[in-house]
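Take a look at the structure below.
Number of protein chains: 2
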Amino acid sequence: MPRNREVVHRRLQQAALELFLERGYDQTTTAEIAARAGVTQRTFFRHFADKRDILFDQEIRLETTLVNAVAHAPAHLTPVQMVLFALQAVEAIFEEQRAFIEPRYAVIAATPALNERELTKTTALTELLASGLEQRGIVKEIATLAAQASMAACNYAMTAWLADSSVRLSIQFDRAFAQLSRLFSKALPEFQETEDRGGANRGLKRD
Amino acid sequence: MPRNREVVHRRLQQAALELFLERGYDQTTTAEIAARAGVTQRTFFRHFADKRDILFDQEIRLETTLVNAVAHAPAHLTPVQMVLFALQAVEAIFEEQRAFIEPRYAVIAATPALNERELTKTTALTELLASGLEQRGIVKEIATLAAQASMAACNYAMTAWLADSSVRLSIQFDRAFAQLSRLFSKALPEFQETEDRGGANRGLKRD
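Line order of the protein sequences matches chains A and B.
The opening position of the first sequence corresponds to residue 1 in our numbering, with each subsequent residue numbered one higher.
The opening position of the second sequence corresponds to residue 1001 in our numbering, with each subsequent residue numbered one higher.
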């Protein structure tokens, strides 16, 4: 969007988050947000459909980038590596939005209705990832398992990233996937020895 | 519960599921469920708090058994092995309820409000598992990662179990954890080689 439009957009987000944290999400009106940002309510509605939209306006961009990345991930990657590849593709969006993400989490955690919406949204995103993997030829059940477990790693990475501003999210993603790998490496050694003889993608792809 | 009470309980569940599948959950009343089961509505309410309770009445038993198992899992197990140990402890509940679980999933999938409730419930169960691990001395972030990723394996196991009645759920749990282990074993080899030198629990427990 044009520079000036972007400045107003960010100012509205900033004002909204301040108010949400000060007096609670439910107690804040769009009129108050517009006033705090120094614009009219009409301007507010040129930027956001409603109050909730302020917290979720990056969703479509995030989804589109993720889905695109899975679709174009190198074919030799394992399903989990494809998800990591896709997460690395959206990393820049998160880095760019960093100042906004921390208060956003706080507001969502404090507001049950938003909490539910965030949960539904995360589930939908996981399903998008899984169906992206399916379209790359991965068996449906494996695609779902890889996507769901990768989301656990993604959450772990986000927590570490928000706690320590000195490490980039891309590094945290790598670390989280490695951590999950270590956690499960001792899960069932006997199965690994007898069944894990094939290549990385053996049994994962449809014939 | 006493034998006769149990028979009526199951008959009510059976009648409810039939009606839910025939005409939809929202279109079914407790009076109709009682009538189909051949009991009075008063009897219905001696067994269930409301219509929704029919689908969720095993939750507390499931939660209690899971939490107890994590609390009493052998101390030498890794976090993920502790979760698997806990899942194996609730396996009998699922095997016992098998005939009920498949139509239950179908009803929940077809009813958006129930879908949301199931999602919230699964998240709560994952958090219970994570805090159980924390109480065993596992670092909070690792406990959450292990619990969330294990739930992905649990979903994978349940799907396989419902698709093939010839294999016990306990075997499917083992297979799912092994599958997840394989999926992530190729996640980031360079990290594994440099960081995974210690014992299974190195860096996972609080000092």
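For glycine and all other residues, C-beta sits at the position ideal for the given N, C-alpha and C.
To the nearest angstrom, how far is the alpha carbon of residue i from that of residue j?
| i | j | result |
| --- | --- | --- |
| B:A1106 | A:C154 | 30 Å |
| A:R117 | A:R52 | 10 Å |
| A:F56 | A:P103 | 13 Å |
| A:F85 | A:I138 | 16 Å |
| A:T111 | B:R1003 | 45 Å |
| A:H9 | A:L87 | 25 Å |
| B:A1015 | B:E1059 | 20 Å |
| B:R1136 | A:A71 | 41 Å |
| A:A89 | B:S1166 | 42 Å |
| A:Q97 | B:S1181 | 33 Å |
| A:Q27 | A:T40 | 19 Å |
| B:A1034 | B:F1020 | 13 Å |
| B:R1036 | B:N1068 | 37 Å |
| A:D196 | A:I108 | Its pLDDT being 41, under 50, A:D196 is placed unreliably in this model, and the coordinates cannot settle the point. |
| A:Q179 | B:T1043 | 52 Å |
| B:E1018 | B:D1174 | 33 Å |
| A:E32 | A:E22 | 12 Å |
| A:G24 | B:Y1025 | 36 Å |
| B:V1007 | B:R1061 | 19 Å |
| B:E1190 | A:A75 | Low confidence applies to B:E1190: its pLDDT is 43, below 50, so where it sits in the model is not reliable, and the reading given next is rough at best. Each residue's Cα considered, the two are about 20 Å apart. |
Quick test of your reading: residue i and residue j, contact by CB under 8 Å. State the CB separation rounded to the nearest angstrom.
| i | j | result |
| --- | --- | --- |
| B:F1184 | A:V80 | 6 Å |
| B:E1141 | A:T159 | 6 Å |
| A:F94 | A:Q13 | In fact, because the Cβ distance is near 15 Å, the residues do not count as touching under 8 Å. |
| B:M1082 | B:A1092 | That pair is no contact at about 18 Å. |
Is it true that the CB of residue j sits closer than 9 Å to the CB of residue i?
| i | j | result |
| --- | --- | --- |
| A:W161 | A:Q148 | no |
| B:E1063 | B:L1114 | no |
| A:A130 | A:A143 | yes |
| A:R11 | A:G38 | yes |
| B:L1066 | B:L1133 | no |
| B:L1119 | A:L145 | no |
| A:F45 | A:I54 | no |
| A:M151 | B:A1157 | no |
| B:T1208 | B:L1204 | Outside the modelled stretch of chain B, which goes from 1001 to 1207, sits residue 1208 of chain B, for which no answer is possible. |
| A:D50 | A:T29 | no |
By the criterion of Cβ-Cβ separation under 8 Å, what are the contact partners of residue i in chain B?
| i | result |
| --- | --- |
| A:A31 | Here the premise fails: no neighbours, minimum Cβ distance about 31 Å. |
What in chain B is Cβ-close to residue i, meaning under 9 Å?
| i | result |
| --- | --- |
| A:Q148 | Q1148, A1149, M1151, A1152, A1153, N1155 and Y1156 |
| A:L180 | L1145, A1146, A1149, L1180, F1184 and A1187 |
| A:T111 | Residues of chain B passing the Cβ test: none, with the nearest at roughly 15 Å. |
| A:P74 | Under the 9 Å cutoff, chain B gives no residues; its nearest Cβ is about 14 Å from A:P74. |
Going along chain A, which residues have a C-beta under 7 Å from residue i?
| i | result |
| --- | --- |
| B:T1159 | E141 |
| B:T1028 | Per Cβ cutoff of 7 Å: no residues; B:T1028 is ~25 Å from chain A at best. |
I want to verify the contact list: residues of chain A whose CB lies under 8 Å from the CB of residue i, in sequence order.
| i | result |
| --- | --- |
| B:T1120 | E116 and L119 |
| B:T1123 | L119 |
Kindly list, in the order they appear in chain B, the residues whose Cβ is closer than 7 Å to that of residue i.
| i | result |
| --- | --- |
| A:V90 | By Cβ distance, chain B contributes nothing, its closest Cβ being about 18 Å from A:V90, past 7 Å. |
| A:V39 | Neighbours of A:V39 on chain B: none; closest Cβ ~35 Å, over 7 Å. |
Check the Cβ of residue i against every Cβ in chain A and list those closer than 9 Å, keeping chain order.
| i | result |
| --- | --- |
| B:V1070 | Here the premise fails: no neighbours, minimum Cβ distance about 15 Å. |
Handout entry: alpha helix (DSSP H) runs wholly inside the region 81-119 of chain A, at least 4 long, in chain order
Key = 98-110
Practice task
Output the residue ranges of the alpha helix (DSSP H) runs that lie fully inside the region 5-62 of chain A and measure 4 residues or longer, sorted by chain position.
Solution key: Listed in chain order, the complete alpha helix (DSSP H) runs (minimum 4 residues) inside the region 5-62 of chain A are 30-37, 41-47 and 53-56.
Handout entry: Sequence ranges, alpha helix (DSSP H) only - wholly within the region 1117-1165 of chain B, length at least 4
Key = The region 1117-1165 of chain B is shown to contain whole alpha helix (DSSP H) runs of 4 or more residues at 1140-1163, in chain order.
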